[in-house]
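See below for the structure under consideration.
Residue numbers (the numbering used here): 1 to 621.
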């Protein structure tokens, strides 16, 4: 089992060795764009629309502050991945005991689910607005994103990055055109960059904006994605990687800021200034745009929303895989991991629509972003500690100026969240002054445990509490003496009547020589074979028997001892049954060669078979 983050694309992008800085920059372009789409997902739309419609241009400074914090923290995340070769989850597993890592993992999964929830709701709303598709259908369709992501990942990380960048461009162009349509007040926009005091309602929206912008899962994602570049682990190699990734992050995140600011400005100009100051639903925004500005603006709005949902949902599922592998060292099939991530979001969305109606989805969107903000401290604080560690980071440990800004960002985020929690608790207690119900008690207990966890991860490094562990997943190699086994006497060869058969048979003979007995096995998969078994006598069954007999005759003519056996039905089950009943010492089989979508549809006989047999398996490609 590999310890690399996103092992299937780890160090897969080559960096040009020449001196041309533009070629190097182009090679590094990509990870930050995958990260940036999380800053312009439908959750951002919900908070930006709510902020612009209610408060006009007043909260633009919150967007700017959030973007600056995001750029700072994402640069730290990239630095961690480049220098230590670990993503944030892996670094946490290496530094904290299991009793700390388990709740950190659970909180990270909650953040992923909240993020994915916002993304699939947003995409479903976009499909409804553009095509009239029911929300419940749009949410169901979002599960298919898993297949799209697998296809793109199998084509290479650069293909995935280009796909995401193209969606980002569509979003940016759509809002650029909408800015010309709504004609905002640029003087008022300028005043919106000046910080101002926040009311309780504005604070709730502001925290949602921060949570939607400085997203915790993006910190895990970026520290992993930068490792897709095959950099030289020298001082200059890592210094250049940090520099080019910062440039990449600056461009990508400023584009995300433009999109977020454009959404808020759109809401302020179109709704707040026209007397519609309580627009919190994306659907209402679309309807009002049509009412005020005609058909072009709402169409562009819906297209951009679909692109935002599609792009961010792809990166969200990647982050889910990184978190599980990093914290738990648990590697399951990528499609299964991504399906789990998706279902964790689809189920609550379906539940909300079924029990509370479609009108409640807007509030659910904003609430999901507040949840993201509440998780931020648990990702930011370890990140600052890890990148400040001179022992691990050496000369790439952050300096006191960057450290000060990072801690200031952490204090702002945590302080705002504490204030929000206190306000919410006070409102609950005001409703039930005499006693607390079970729900409130459970929430208070969870908050207290979370506070203890947050204090621990903050203080542990200052008190030199070390729990650093070796990340070698299977332990340390020990001395051993080789015992060369005798050549196998009975070798089974899985035959598929394809071009790989010759290589498979040759490899088997190399293992056993002329003294071994070879068992040629083929499984017949026709419908008739599945039901009739050995009684099957259709055209394919007869042809396969004749082909297997021909292989046998040819090999026996060359002096080899050869037997044949036919299986019926599922190849993995049939071949495994024959092997386990035939006193076989070794099974040799060829890889089928499916790629991408075929593996998803047809599955892999190889993986299933190797878990069913009790003998060594030799795989030939």
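The C-beta atom is built at its ideal place from N, Cα and C for all residues, glycine as well.
- Taking a C-beta distance under 7 angstroms as the contact criterion, residue 371 and residue 114 qualify as a contact pair.
- The beta-carbon distance between residue 255 and residue 172, rounded to whole angstroms, is 6 angstroms. This is short enough to meet the 8 angstroms contact definition.
- Out of 166, 513 and 60, the CA that lies nearest to the CA of residue 210 is found in 60.
- Here DSSP, grouped into helix, strand and coil, assigns residue 503 to helix.
- It is roughly 31 angstroms from the alpha-carbon of residue 187 to the alpha-carbon of residue 248.
- With fewer than 16 other beta carbons inside 10 angstroms of its own, residue 180 counts as exposed.
- Excluding its 5 nearest sequence neighbours in each direction, residue 348 has C-beta neighbours in its own chain below 7 angstroms: 117, listed in chain order.
- According to DSSP, residue 492 shares a beta bridge with 519 and 587.
- When the alpha-carbon of residue 71 is set against those of 618, 215 and 514, the nearest one is in 215.
- Bounds of the alpha helix (DSSP H) holding residue 546 are 539-557.
- The beta carbon of residue 91 sits closer than 6 angstroms to those of 386, all from its chain and outside the five residues before and after it, given in chain order.
- With respect to the 7 angstroms criterion, residue 226 and residue 138 are not classified as neighbours on the basis of their beta carbons.
- Here the alpha carbons of residue 495 and residue 546 stand approximately 13 angstroms from one another.
- Distances from the alpha-carbon of residue 246 to those of 286, 573, 562 and 35 put 35 closest.
- For the 7 angstroms CB-CB criterion, residue 579 and residue 587 form a contact.
- The C-beta of residue 318 has 16 or more other C-beta atoms within 10 Å across all chains shown, which makes the residue buried.
- The Cβ atoms of residue 77 and residue 311 do not sit closer than 7 angstroms to each other.
- For residue 612, the secondary structure class from DSSP, reduced to helix, strand or coil, is coil.
- Residue pairing for residue 230: DSSP places it in a beta bridge opposite 14.
- For residue 28, the closest alpha carbon among the candidates 37, 241 and 201 is that of 241.
- In the same chain as residue 576, and ignoring 5 residues on each side of it, the C-beta atoms closer than 7 angstroms to its own belong to 609, 612 and 613, in chain order.
- Here the alpha carbons of residue 40 and residue 391 stand approximately 36 angstroms from one another.
- For the pair residue 590 and residue 564, the CB atoms are not nearer than the 7 angstroms cut-off.
- Apart from sequence neighbours up to five positions away, the residues of its chain that approach residue 262 with a beta-carbon distance below 8 angstroms are 175, 176, 178 and 179, ordered along the chain.
- The stretch 48-59 and the stretch 186-205 touch, with three or more beta-carbon pairs separated by less than 8 angstroms.
- Non-local beta-carbon contacts of residue 457 in its own chain, meaning distances under 6 angstroms to residues more than five positions away in sequence, involve 381 and 382 in chain order.
- Take the alpha-carbon of residue 152 and the one of residue 352: they are about 31 angstroms apart.
- Residue 374 sits buried, since 16 or more C-beta atoms from the chains shown fall within 10 Å of its C-beta.
- Straight-line spacing of the CA atoms in residue 267 and residue 164 works out to 25 angstroms.
- Note that the C-beta distance between residue 285 and residue 125 is not below 7 angstroms.
- For residue 51, the number of other beta carbons within 10 angstroms of its own is at least 16, and it is reported as buried.
- Ranked by how close their Cα comes to the Cα of residue 200, the residues 534, 235, 253 and 417 have 417 in first place.
- In this structure the stretch 549-563 lies against the stretch 512-522, because at least three pairs of beta carbons, one per stretch, are closer than 8 angstroms.
- Residue 206 is positioned such that its CB atom lies closer than 7 angstroms to that of residue 198.
- Ranked by Cα distance from residue 32, the first of 170, 95, 119 and 252 is 252.
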